[in-house]
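In what follows, a structure is listed as structure tokens, so that the remarks can point back to it.
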Amino acid sequence: MAADNSIHVRVGGRLQAHLQQQIGENGLYENASEYIRALIRRDLQTRNEAWDWLKRQLEPGLRADESEFKAVSAQDVIRRNQSRSL
Numbered sequence: 762m763a764a765d766n767s768i769h770v771r772v773g774g775r776l777q778a779h780l781q782q783q784i785g786e787n788g789l790y791e792n793a794s795e796y797i798r799a800l801i802r803r804d805l806q807t808r809n810e811a812w813d814w815l816k817r818q819l820e821p822g823l824r825a826d827e828s829e830f831k832a833v834s835a836q837d838v839i840r841r842n843q844s845r846s847l
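Written out as structure tokens, the structure reads:
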């Protein structure tokens with residue numbers, strides 16, 4: 762079994778106050794470690810969801826036939842975007 766690796770983190774001020782609200786009798790978490798692990802899991806889940814969303818957005822373009830694409834210059838894109846913002 763792998764050795765238990767620990768990371769020690771110092772927080773103060775507003776971060777410490779927030780942490781204290783999340784743990785103990787009045788909080789949702791038993792201790793700071795439990796809360797930090799939950800934050801990391803949520804961060805990983807959010808990142809995975811963002812990546813999945815991006816892949817879904819790109820998929821139609823990646824599957825499209827090359828004949829569906831139109832060559833445009835950078836200036837064409839700039840002009841098109843300027844007209845949309847008006």
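The numbering of the sequence shown is this note's numbering, which starts it at 762 and goes up by one. Cβ coordinates follow ideal geometry from the N, Cα and C atoms, glycine included.
Residue i in three-state terms, based on DSSP
i, result
"Ile768", "coil"
"Gly773", "coil"
"Lys831", "coil"
Check whether residue i and residue j have beta carbons under 8 angstroms apart
i, j, result
"Tyr796", "Leu776", "no"
"Val778", "Tyr790", "First, the residue type needs correcting, since residue 778 is Ala and not Val in the sequence shown. No, the Cβ-Cβ distance between Ala778 and Tyr790 is not below 8 angstroms."
Residues near residue i in its chain [Cβ-Cβ closer than 6 angstroms; skip 5 each side]
i, result
"Thr807", "none"
Beta bridge counterpart(s) of residue i as assigned by DSSP
i, result
"Ile784", "Tyr790"
Near the ligand GDP: residue i beta-carbon under 7 angstroms from a heavy atom
i, result
"Lys816", "Absent from the structure shown: the ligand GDP. Ligands present: none."
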